[in-house]
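Participant: Here's a structure for you.
Residue numbers (the working numbering): 133 to 555.
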């Protein structure tokens, strides 16, 4: 099955500037670009659609070109925004570009016959003079057409916010990107989310007017969740691609906890499973959703894509420790990640001196139970785990029980965790 048919199966082919022309054009190896906005030093899970789209093009023999918006990032795309973006300094943009590159290098192959390329549009936009831009780009754009763009029209009607000339001009810069990339890097296809359709068409049109050449664009649908919530957002915030911001465990948990109504869509949109594997997982999920086989396959596949087999092992080990209570081998980083939101208390190590601290007293002082009577009841029923141990009602906690010399992880029942730190 060819690339476009695969994208159709996955629901990832939304708009095309010339469907028949694009199909013929992709019959031979081409260069395809997608742009990324460096507003932060990491991309989010929402950017995965376009990065993985470039990966699919690369697997089909085409050359993916990552365009970092070092220049446009200092302007700001008004698409999907209700207010003006904060202007970043060149230094901030440069740091963000460097931070995001790590994720591209994990997901794309930058060596080999069709090695991925990464360019920064600050390299050409920064040299573009104002008069030159008005004369060579601006004269090809109709203001009447530009104000019909949805993101511009909405802001024009919002008297409190409005839209600055700076953001209004963003379309010209993105169109010029495509024109420049064709002329200097032989890029003939642009891919983006559907919110960029107007910018893509503008670029194709500018190329036709100024270079009398053919170029193509396609978009993917924006990812939505069945419950109407924003994709990639959780109660604790965005899911980032940088390990420093979202651990492999948290990344794994995002996918494994996907809603039943979303798992089939996510399998098609994000994974590189074959069509047969996807159809099989969908059928298995429909027949027995409680088994969550599709969720586990999705979580393992996606975590391995971004974090490798080591990340999968780390995530699965942390998950097993959390549900089994066997936490003795967790690293300090895993403890912080797993129990960062758990109730916590700090106590003096002096309490553990000599014969140790009565487990009953620890549970009361740590807020795990309300009374000594309740503590003895839970301990007698083996309903308490302390760093994986199940102490008796008369047992004392000693310093050698501590993880990394400072932490007790206490589980009451099957799910309720508390953290006690000693110093």
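We put the beta carbon where it would ideally sit given N, CA and C, even for glycine.
Do you know offhand how far residue 147's Cα is from residue 353's?
Facilitator: 8 angstroms
Participant: Would you call the CB atoms of residue 459 and residue 519 closer than 8 angstroms?
Facilitator: yes
Participant: Work out the CA separation of residue 145 and residue 136 for me, nearest whole Å.
Facilitator: 7 angstroms
Participant: Spatial neighbours of residue 536 within its chain, please: CB distance less than 6 angstroms, with the 5 preceding and 5 following residues excluded, ordered by chain position.
Facilitator: 464
Participant: Sorted by chain position, which residues of the same chain lie with C-beta nearer than 6 angstroms to residue 349's C-beta, five sequence neighbours on each side aside?
Facilitator: 149, 322, 332 and 336
Participant: Inspect the beta-carbon positions of residue 178 and residue 363 and report whether they are closer than 8 angstroms.
Facilitator: yes
Participant: Contact between the segment 405–422 and the segment 372–380 is defined here as three or more beta-carbon pairs at a separation below 8 angstroms; is this criterion met?
Facilitator: no
Participant: Express the C-alpha separation of residue 358 and residue 207 in angstroms, rounding to a whole number.
Facilitator: 33 angstroms
Participant: Smallest Cα separation from residue 248: which of 295, 238, 198 and 265?
Facilitator: 198
Participant: Have a look at residue 416 and residue 425 and give me their C-alpha separation to the nearest angstrom.
Facilitator: Going by the C-alpha atoms only, they are around 7 angstroms apart.
Participant: Residue 221 to residue 369, Cα distance in whole Å?
Facilitator: 25 angstroms
Participant: Between the beta-carbon of residue 231 and the beta-carbon of residue 173, is there less than 8 angstroms?
Facilitator: yes
Participant: Comparing alpha-carbon positions, which option in 256, 310, 320 and 185 lies nearest residue 158?
Facilitator: 320
Participant: CB residue 477 to CB residue 499, shorter than 8 angstroms?
Facilitator: Yes, the pair counts as a contact, with Cβ atoms nearer than the cut-off.
Participant: Going by Cα to Cα distance, which pick from 307, 377 and 378 is closest to residue 347?
Facilitator: 307
Participant: Please name the residue, chosen from 487, 274, 393 and 181, that lies closest to residue 239 on a Cα-to-Cα basis.
Facilitator: 181
Participant: Excluding sequence positions up to five away, which residues of its chain have a Cβ less than 7 angstroms from the Cβ of residue 553?
Facilitator: 476, 478, 538 and 539
Participant: Considering only their Cβ atoms, is the gap separating residue 384 from residue 447 smaller than 8 angstroms?
Facilitator: yes
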